[in-house]
Amino acid sequence: MSHQKKLFGIWAVVAFTAFFLIQITTAAEPSKKEARPAIPLGLDEESFHVPSDNPMTPEKIALGRLLFFDKRLSGDNSIACATCHMPALAFTDGQPVSAGIRRQLGGRSAPTAINRAFSQIQFWDGRAATLEDQSIGPFTNPIEHGFADYDQMLAKMKKIEGYRKEFKKVFGTDITMDGVAKAIASFQRTLISGNSPADRYDIGGDENAISDSAKRGLVLFEIKRAAPNATPASTSPTRNSTISASAGTPGMSTSAGTW
Ligand code: HEC
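Numbering of the sequence shown is given in the numbering used here, commencing with residue 1 and proceeding in unit increments.
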């Protein structure tokens, strides 16, 4: 073997070892890369809330997505968050009231999981103060995911191949409910809808974005929202009134507490 070839061989071994060591150290360290999504037209960047103890990272978002769609995270492997918040139905289930584990009906309709990062309080009655709190509530609801308690859920998760490794990678810890909450909340913060035709007209000033009939509808919608009992005759319609939260999801108010 020539001197040069031998040298190359040594360097190859050194490079491989270095690469391998980097892999090991980065696998044990929780990820620090931040991944805040871009905020489209019509949504208020200032209201996009990410708690300082739960920065968004690509790995955490990916883990949250896995958890959101995993039916194994229910008492009988039949229910995932996505069962009631389906991407194809704007993250709702399109039903008057939702059906959970063993087809039990709840008392409320599933609202969309889109644009929740712009609201401080969650659920129809605002009972969850953060998206982290909200993100684990359904697991122990007897008519949703149906776990008796979080210990039962964690015990089941620890038997699912891969989750332990993923939590170690993202949080540097074993599986915890705190980690589940943070990952699902981070995934939910990526569900953003804005830049609707109504936003492009009302905020972007694009006169051709919606039809004349829709423009009249927008004025009526704004009057009704500002004063539910007002009639168009008693209030003068103006354009560019108060759509500030977003018309991103058509027909839906995105600020909690105003439903
Ligand atoms: C069985 C159906 C069902 C399942 C499963 C379910 N949800 Fe919901 N979700 C609902 C209903 C119904 C509500 C409204 C409840 C209320 O406000 O009291 C809701 C409310 C929410 C909200 C609040 C939206 C708002 O406007 O305040 C979010 C976010 C959400 N769910 C995310 C999730 C996540 C994350 C999971 C999985 C951990 C999940 N849901 C599992 C039916 C479901």
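Backbone N, C-alpha and C fix where the C-beta goes; we use that ideal spot for every residue, glycine too. Fair warning: this is a prediction, and the values are worked out from it, not measured in the lab.
- Residue 165 counts as exposed, since fewer than 16 other beta carbons sit within 10 angstroms of its beta carbon.
- Residue 213: member of the alpha helix (DSSP H) spanning 212-226, first to last residue.
- The shortest CA-to-CA distance from residue 141 to any of 74, 115, 205 is the one to 74.
- Between residue 96 and residue 108, the alpha-carbon positions lie close to 7 Å from each other.
- Scanning its chain for C-beta atoms nearer than 6 Å, with the 5 sequence neighbours on each side dropped, one finds around residue 138 the residues 144, 145, in chain order.
- Rounded to the nearest whole angstrom, the CA to CA distance from residue 105 to residue 228 is 31 Å.
- Counting of Cβ neighbours within 10 angstroms places residue 123 among the exposed residues, the total staying below 16.
- When secondary structure is reduced to three states using DSSP, residue 157 falls in the helix class.
- The bridge partners DSSP lists for residue 80 come to none.
- Under the three-state reduction of DSSP output, residue 177 falls in the helix class.
- Scanning its chain for C-beta atoms nearer than 6 Å, with the 5 sequence neighbours on each side dropped, one finds around residue 135 the residues 181, 184, 185, in chain order.
- An exposed status is given to residue 34, since fewer than 16 other beta-carbon atoms sit within 10 Å of its beta-carbon.
- Under the Cβ criterion (8 Å, minimum of three pairs), the region 59-76 counts as touching the region 185-198.
- Rounded to the nearest whole angstrom, the CA to CA distance from residue 48 to residue 119 is 8 Å.
- Residue 41 and residue 203 do touch by the CB rule: their CB atoms are close to 6 Å apart, below 8 Å.
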